[in-house]
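Here's the structure we're looking at; comments come further down.
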Amino acid sequence: VTYEIMAEVGTGICLPHATKVQKYHVAIQIEDHVLQTKDPKEAKHGYNRWNERFSHNRFESVATSVRKLERIYFYLVNSDKQRICYYQASIQDFVNKDPVFKWYPLANDTAVHKVHEAHEAGMISMKLSIVKLDEENAVDWKKFFAWKKKPPSRMANYKVRIYVFQCKDLPA
Numbered sequence: 005v006t007y008e009i010m011a012e013v014g015t016g017i018c019l020p021h022a023t024k025v026q027k028y029h030v031a032i033q034i035e036d037h038v039l040q041t042k043d044p045k046e047a048k049h050g051y052n053r054w055n056e057r058f059s060h061n062r063f064e065s066v067a068t069s070v071r072k073l074e075r076i077y078f079y080l081v082n083s084d085k086q087r088i089c090y091y092q093a094s095i096q097d098f099v100n101k102d103p104v105f106k107w108y109p110l111a112n113d114t115a116v117h118k119v120h121e122a123h124e125a126g127m128i129s130m131k132l133s134i135v136k137l138d139e140e141n142a143v144d145w146k147k148f149f150a151w152k153k154k155p156p157s158r159m160a161n162y163k164v165r166i167y168v169f170q171c172k173d174l175p176a
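Take 5 as the starting number for the sequence shown in the working numbering and just add one per residue.
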């Protein structure tokens, strides 16, 4: 059975080893099929921005329906090609053909032991859709709002105004 994936990896924040600039990759794995990003367009301390889209990526599986694929994994891959953090989810969370960006909190991989504390694993933003192709073998992704525009080459600027108040003796 043939499946098609559309995925877009946005940014990663609070990434491990924030004391130095690290260029990470993101790997998306369903069964034996793996998609991996290129070098990030921007890398700073604890932050990577990929803005990379995987378009019309097809793979074969013995699973007869999307539900039987069961799990999808997102990995944070360091410069030594080690998968140091991961996120696992049900494939059912990604059957929507018109998804929005979501933040996925990563967990440190204790078998690799490159990230020692769970809170240091970071978060990545992405949107992903998976569909089972039928006889017509075509999904017109451009008709869905999520896939109409190309990924941005750089981030948009926003003005943010924050009022911080100091409070004393508030109940916990």
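Don't be surprised by glycine CBs; every beta carbon is placed ideally from N, CA and C.
As the structure is a prediction and not an experimental result, all values here were calculated from the model.
For residue i, the first and last residue of its enclosing beta strand (DSSP E)
i, result
"Tyr7", "Thr6 to Ile17"
"Gln170", "From DSSP, Gln170 is part of no beta strand (DSSP E); its letter is neither H nor E."
"Phe63", "Tyr51 to Glu64"
"Arg75", "Arg75 to Val81"
"Leu110", "It is not in any beta strand (DSSP E) - Leu110 carries neither H nor E in the DSSP assignment."
"His29", "His29 to Ile34"
"Gln40", "His37 to Gln40"
For residue j and residue i, the rounded distance between their alpha carbons
i, j, result
"Gln179", "Gln86", "No answer is possible for residue 179: the residues shown for the chain start at 5 and end at 176."
"Ile128", "Phe105", "10 Å"
"Trp151", "Tyr7", "17 Å"
"Glu124", "Asp102", "31 Å"
"Val81", "Lys147", "33 Å"
"Glu46", "Val164", "21 Å"
"Lys154", "Asn141", "23 Å"
"Tyr91", "Ala111", "6 Å"
"Asp36", "Ser65", "9 Å"
"Ile180", "Thr15", "Shown here, the chain extends from 5 to 176; a query on residue 180 therefore has no answer."
"Arg62", "His117", "33 Å"
Beta-bridge partners of residue i, as assigned by DSSP
i, result
"Glu46", "Arg53"
"Ile95", "According to DSSP, Ile95 bridges with nothing at all."
"Lys131", "Glu12"
"Val25", "His49"
"Arg87", "Val81"
Segments assigned alpha helix (DSSP H), at least 4 residues, entirely inside the region 133-158
149-152
Taking contact to mean 3 or more Cβ pairs, one atom from each stretch, closer than 8 Å, check whether the region 62-79 and the region 94-107 are in contact.
yes
Using 8 Å as the Cβ pair cut-off and three pairs as the minimum, do the region 39-49 and the region 105-117 touch?
no
How do the region 54-70 and the region 145-160 stand: do at least 3 beta-carbon pairs fall below 8 Å, yes or no?
yes
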